[in-house]
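Following: one structure in structure tokens, then a few remarks.
2 protein chains.
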Amino acid sequence: MNRQELVNLIKEKQSYLCIGLDTDLHKIPRHLLSYPDPIFAFNKAIIDATKDLCVSYKINTAFYECMGIRGWESLQRTVEYIPSGLFTIADAKRGDIGNTSTQYAKTFFETYKFDAVTVAPYMGRDSVLPFLSFHEKWTIMLGLTSNEGNSDFQMQQMGGEYLYEKVLKAGMTWGTPDNLMFVIGATNDPAQLAHIRKLVPDHFFLVPGVGAQGGSLQEISANAMNKDCGLLVNASRSIIYAGNGEDFAQDARAAAQELQREMVEYLEAAFADI
Amino acid sequence: MNRQELVNLIKEKQSYLCIGLDTDLHKIPRHLLSYPDPIFAFNKAIIDATKDLCVSYKINTAFYECMGIRGWESLQRTVEYIPSGLFTIADAKRGDIGNTSTQYAKTFFETYKFDAVTVAPYMGRDSVLPFLSFHEKWTIMLGLTSNEGNSDFQMQQMGGEYLYEKVLKAGMTWGTPDNLMFVIGATNDPAQLAHIRKLVPDHFFLVPGVGAQGGSLQEISANAMNKDCGLLVNASRSIIYAGNGEDFAQDARAAAQELQREMVEYLEAAFADI
Chain A
1 MNRQELVNLI
11 KEKQSYLCIG
21 LDTDLHKIPR
31 HLLSYPDPIF
41 AFNKAIIDAT
51 KDLCVSYKIN
61 TAFYECMGIR
71 GWESLQRTVE
81 YIPSGLFTIA
91 DAKRGDIGNT
101 STQYAKTFFE
111 TYKFDAVTVA
121 PYMGRDSVLP
131 FLSFHEKWTI
141 MLGLTSNEGN
151 SDFQMQQMGG
161 EYLYEKVLKA
171 GMTWGTPDNL
181 MFVIGATNDP
191 AQLAHIRKLV
201 PDHFFLVPGV
211 GAQGGSLQEI
221 SANAMNKDCG
231 LLVNASRSII
241 YAGNGEDFAQ
251 DARAAAQELQ
261 REMVEYLEAA
271 FADI
Chain B
1001 MNRQELVNLI
1011 KEKQSYLCIG
1021 LDTDLHKIPR
1031 HLLSYPDPIF
1041 AFNKAIIDAT
1051 KDLCVSYKIN
1061 TAFYECMGIR
1071 GWESLQRTVE
1081 YIPSGLFTIA
1091 DAKRGDIGNT
1101 STQYAKTFFE
1111 TYKFDAVTVA
1121 PYMGRDSVLP
1131 FLSFHEKWTI
1141 MLGLTSNEGN
1151 SDFQMQQMGG
1161 EYLYEKVLKA
1171 GMTWGTPDNL
1181 MFVIGATNDP
1191 AQLAHIRKLV
1201 PDHFFLVPGV
1211 GAQGGSLQEI
1221 SANAMNKDCG
1231 LLVNASRSII
1241 YAGNGEDFAQ
1251 DARAAAQELQ
1261 REMVEYLEAA
1271 FADI
């Protein structure tokens, strides 16, 4: 999916919601455990119940990998089940030297046909560039995450700027707003979100941390939107585990709808023409 | 495998060689392509031919992941085929927020039963600590890699030290020499290797970059050994693709033997008692 298609999708659906399928066998409703592929049965129900409300699904690969080959089968079924026209993200945080990064890029862009994959920047340009060379595919590089450990390196000063700022600036020289996004955590403070948007005016941000992790959709939207919206806001646990009974998918829908309705307000405030 | 067992293994085999199974369907001898699992057939032959010469095998997961479920099947067969008593490394370079890192740790330590996994440090302590909590398992954190892109962030100054130095120092406060190693690239200059060993006297280093990438075994050994050897030196392509005919495994053995014989010299020079 290219940038214009993504922007159109956001405008049509009045949503910049990404739903994170961090699906954990220990957390899904018990009645699904009798299904041949409980993880896929859960994801299928969640997708059916929420696909009109979101523009993207993000699959956290760790939750599938830990189940071995069976987990990869669930992942593959899930990504194939997501309706075409929705933006699919492999949240895999890969990154290695060039030849190996190319193999990772092939994994997610070709073998599983995701639109995007998250990438860790520590090894520098030759670990990121191979991902950027795939046509109409997206690299989503870690920028400033909002976990406790962001203070260890990302928020350390490096020649008058933070490491995360150096990472964002370097990324902007490697990719373009048409093939590179950044992960910017939702629970960073509003002034910092505004500062980051000023530093990176055009790229999309993938923003995790709303919902269970406590980030505010209002603050993100007020401080980090750009002229194309420029945001994919992810919620995982607060949506997919909103309920735990037979009606879990309807509970997930209600949780997604609440966020999407809030998004309509912020989009209307930002774009008179929407 | 615990540290003492690893040190004993190195002394017994007079080797600190790690062989990297970066197995690529496009590079293995053509006659293997008729096997039901060509990747495993190749790895099995390499392991049979080299297992007395090395102490460790490192599986670069990217080369398996890109083949989808079939690739994970090859990976699983391979890791199960490696003789017990050898040190197994999943070169996966994972790292995410705490709960997700726990899933990755389970993937490699429990589902596939590796002894060690490589981890990227960018997200900080809560992305690394979950890996360190597994008993008699090893986390191998990226320190200073030797790819071109190490200049982008790792070799940037941060408050009077390089980022990679900060990463090493932080790692030493999170893990111990009994559960944490660092990746230190072989092609960094000798003075730098000596400097890193001074900074990190006790931890093992996993050193990729010997062979095809041009690192010198002599320089690494002279500058970065410690009292327990403290090195696992990896060669991948220069060993596994040493030959390309019916006798490829014997060619691989010869390439591994050349490195191992050199290691005997360096071990003898370093340890009178070996």
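Note that the protein sequences, when read in sequence, are chains A and B.
Every letter in the first sequence is one number past the one before it in the numbering used here, and letter 200, counting from 1, is 200.
In the numbering used here, each residue's number is its place in the second sequence (first place is 1) plus 1000.
Ideal Cβ placement from N, Cα and C applies to all residues, glycine included.
None of these values were measured; they are calculated from a predicted model.
Where the beta strand (DSSP E) containing residue i begins and where it ends
i, result
"residue 93 of chain A", "87-94"
"residue 245 of chain A", "Run containing residue 245 of chain A: none; DSSP gives neither H nor E here."
"residue 1234 of chain B", "1231-1235"
"residue 118 of chain A", "116-119"
Own chain, CB closer than 6 Å to residue i, minus 5 neighbours either side, in chain order
i, result
"residue 137 of chain A", "109"
"residue 197 of chain A", "224"
"residue 1204 of chain B", "1181, 1230"
"residue 190 of chain A", "219, 223"
"residue 260 of chain A", "15, 17, 53"
"residue 1013 of chain B", "1055"
"residue 147 of chain A", "none"
"residue 206 of chain A", "140, 181, 183, 232"
"residue 1009 of chain B", "1055"
"residue 243 of chain A", "251"
"residue 1221 of chain B", "1266"
Distance between beta carbons of residue j and residue i, contact taken as under 8 Å
i, j, result
"residue 234 of chain A", "residue 66 of chain A", "With a Cβ gap of about 20 Å, residue 234 of chain A and residue 66 of chain A do not count as contacting."
"residue 58 of chain A", "residue 91 of chain A", "5 Å"
"residue 1079 of chain B", "residue 1113 of chain B", "7 Å"
"residue 156 of chain A", "residue 1001 of chain B", "About 34 Å separates the two Cβ atoms, so there is no contact after all."
"residue 1167 of chain B", "residue 1186 of chain B", "Not really, about 18 Å apart at Cβ, beyond 8 Å."
"residue 46 of chain A", "residue 25 of chain A", "With 8 Å as the limit, residue 46 of chain A and residue 25 of chain A do not qualify as a contact, their Cβ atoms being about 15 Å apart."
"residue 177 of chain A", "residue 3 of chain A", "7 Å"
"residue 1031 of chain B", "residue 1246 of chain B", "7 Å"
Range covered by the alpha helix (DSSP H) that runs through residue i
i, result
"residue 1028 of chain B", "That residue, residue 1028 of chain B, is in no alpha helix (DSSP H); it is neither H nor E in DSSP."
"residue 1139 of chain B", "Unbroken run through residue 1139 of chain B is the beta strand (DSSP E), 1138-1144; no alpha helix (DSSP H)."
"residue 1248 of chain B", "1248-1270"
"residue 71 of chain A", "69-81"
"residue 167 of chain A", "163-174"
"residue 1128 of chain B", "1125-1132"
"residue 1057 of chain B", "Looking at the DSSP string, residue 1057 of chain B is not in any alpha helix (DSSP H); the run it does join, the beta strand (DSSP E), is 1056-1060."
"residue 49 of chain A", "38-50"
"residue 19 of chain A", "Not the alpha helix (DSSP H): residue 19 of chain A falls in the beta strand (DSSP E), residues 17-20."
"residue 183 of chain A", "Premise fails: residue 183 of chain A lies in the beta strand (DSSP E), 180-184, not in any alpha helix (DSSP H)."
"residue 206 of chain A", "From DSSP, residue 206 of chain A is part of no alpha helix (DSSP H) but of the beta strand (DSSP E) over 205-207."
"residue 1150 of chain B", "No alpha helix (DSSP H) holds residue 1150 of chain B; DSSP gives it neither H nor E."
Beta carbon of residue i nearer than 8 Å to that of residue j
i, j, result
"residue 1101 of chain B", "residue 1083 of chain B", "no"
"residue 115 of chain A", "residue 98 of chain A", "no"
"residue 1164 of chain B", "residue 1149 of chain B", "no"
"residue 103 of chain A", "residue 1063 of chain B", "yes"
"residue 55 of chain A", "residue 87 of chain A", "yes"
"residue 1061 of chain B", "residue 1043 of chain B", "no"
"residue 1201 of chain B", "residue 1179 of chain B", "no"
"residue 1255 of chain B", "residue 1236 of chain B", "no"
"residue 170 of chain A", "residue 134 of chain A", "no"
"residue 1262 of chain B", "residue 1199 of chain B", "no"
"residue 1212 of chain B", "residue 1049 of chain B", "no"
"residue 1069 of chain B", "residue 39 of chain A", "no"
"residue 1151 of chain B", "residue 175 of chain A", "no"
"residue 1093 of chain B", "residue 1128 of chain B", "no"
Residues of its chain near residue i, where Cβ-Cβ distance is below 8 Å and the 5 sequence neighbours each way are ignored
i, result
"residue 122 of chain A", "95"
"residue 81 of chain A", "40, 43, 44, 47"
"residue 192 of chain A", "144"
"residue 72 of chain A", "64, 65"
Cβ neighbours of residue i in the same chain (closer than 7 Å, five flanking residues each side left out)
i, result
"residue 257 of chain A", "53"
"residue 27 of chain A", "241"
"residue 1195 of chain B", "none"
"residue 1153 of chain B", "1163"
"residue 1188 of chain B", "1144, 1146"
Select from the region 135-169 of chain A all residues with a C-beta closer than 8 Å to any C-beta belonging to chain B, and list them in chain order. Going along the region 135-169 of chain A in chain order, one finds 142, 145, 147, 148, 149, 150, 151, 152, 153, 154, 156, 157, 158, 159, 163, 166, 167 with a Cβ nearer than 8 Å to chain B.
So if I threshold CB-CB distances at 8 Å, which residues from the region 40-73 of chain A count as touching chain B? Per Cβ criterion, the list reads 60, 62, 63, 65, 66, 67, 68, 69, 72, 73.
Give the residues from the region 92-110 of chain A that approach chain B closer than 9 Å (Cβ to any Cβ), ordered along the chain. Cβ contacts with chain B: 92, 93, 94, 95, 96, 97, 98, 99, 100, 101, 102, 103, 104, 105, 106, 107, 108, 110.
Could you name the residues of the region 1116-1134 of chain B whose beta carbon sits closer than 7 Å to any beta carbon of chain A, in the order they occur along the chain? For the region 1116-1134 of chain B, the residues whose beta carbon sits under 7 Å from a beta carbon of chain A are, in order, 1120, 1121, 1122, 1123, 1124, 1125, 1126, 1127.
Contact list for the region 176-197 of chain A against chain B, Cβ threshold 7 Å: Within the region 176-197 of chain A, no residue has a Cβ that lies closer than 7 Å to any Cβ of chain B.
Contacting positions in the region 1075-1089 of chain B - beta carbon closer than 9 Å to chain A: Taking a C-beta cut-off of 9 Å against chain A, the contacting residues of the region 1075-1089 of chain B are 1076, listed in chain order.
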